[in-house]
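Chemist:
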Amino acid sequence: MGESRMFNRRDMLKTGVALGVGSSVANAQSEDGVAFSAGRMSGEQQSPSVQTDAQGTAMVVQEGESIRFVVLVSEIENVTQAHIHRGGAGESGPVVVWLYPGPKRTNPQLIAGRFDGVLSSGQFSAADFVGPLEGKPLDALVTAMEDGNAYVNVHTEANPEGEIRGQLSPTSDARVRFNQNIQINASNTLNISRSSSLQVQES
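Take a look at the structure:
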């Protein structure tokens, strides 16, 4: 007799003066935090554009002399690294902060196969800047984000220059809802189907 099981997972991110992802990351509160969002990251925003079903989002909140961040992705394969780059829309700019594997782990690390969910989260300070911002104060990055001159890029084996991208900009309120559904049917064979969705709302 066949058996069917369904597993549901939901991560929710709300940022304005708060940043967190469901129960998997501790919530951080900031009375005077400044929030930035990369909106819906896609291959179309790459320069040149990339044909991909992958999507994602990234959000950061300044908290004094540090910045807390989270990167979520969906339907992406063989991720190797993710960063904040300096550069305007349509421009390819230098890396200024590593987000995956992490701000202090600045070597690519392959996630083999498809990945859906929280790619990376944590916090960084000016001490973690690389490239043209190395040795500069935190305000150098904050100003770039305020002016629309910084973006988040997620790189893969298939697209080492970047597969999805989103320009960072200030946001007063942003919500991300990530839903993943995995259905497993076990009888004479094992069939696994998976779907995910990522919803980004900003105001």
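With numbering that gives the first Met the number 0 as the guide, the letters of the sequence shown map in order to residues 0 to 202.
Backbone N, C-alpha and C fix where the C-beta goes; we use that ideal spot for every residue, glycine too.
1. Could you tell me the alpha carbon to alpha carbon distance between Q54 and G63, rounded to whole angstroms?
2. Taking 7 Å as the limit between beta carbons, can you name the residues of its chain near G165, skipping five residues before and five after?
3. Rounding to the nearest angstrom, what Cα-Cα distance links V94 and G161 in this structure?
4. If you measure between the beta carbons of L137 and A125, is that distance less than 7 Å?
5. Across the stretch 127-134 and the stretch 107-119, are there enough close Cβ pairs to call them in contact, namely three or more that are closer than 8 Å?
6. At what residues does the beta strand (DSSP E) containing E145 begin and finish?
7. Short of 6 Å in beta carbon distance, which residues of its chain neighbour V59, apart from the five on each side in sequence? Order them along the chain.
8. From I181 to D52, what does the alpha carbon distance come to, in whole angstroms?
9. Can you tell me whether R85 is buried or exposed? The criterion is at least 16 other CB atoms within 10 Å of its CB, across all chains shown.
Modeler: Based on what the coordinates show:
1. 30 Å
2. A37, G38, R39, M40, Q44, T56, A57, Y150 and V151
3. 12 Å
4. yes
5. no
6. Here E145 belongs to no beta strand (DSSP E); instead the alpha helix (DSSP H) covers L137 to E145.
7. F35, I66 and F68
8. Low confidence applies here, because I181 scores a pLDDT of 47, under 50, leaving its location unreliable; read the following figure in that light. Between I181 and D52, the C-alpha separation is close to 18 Å.
9. buried
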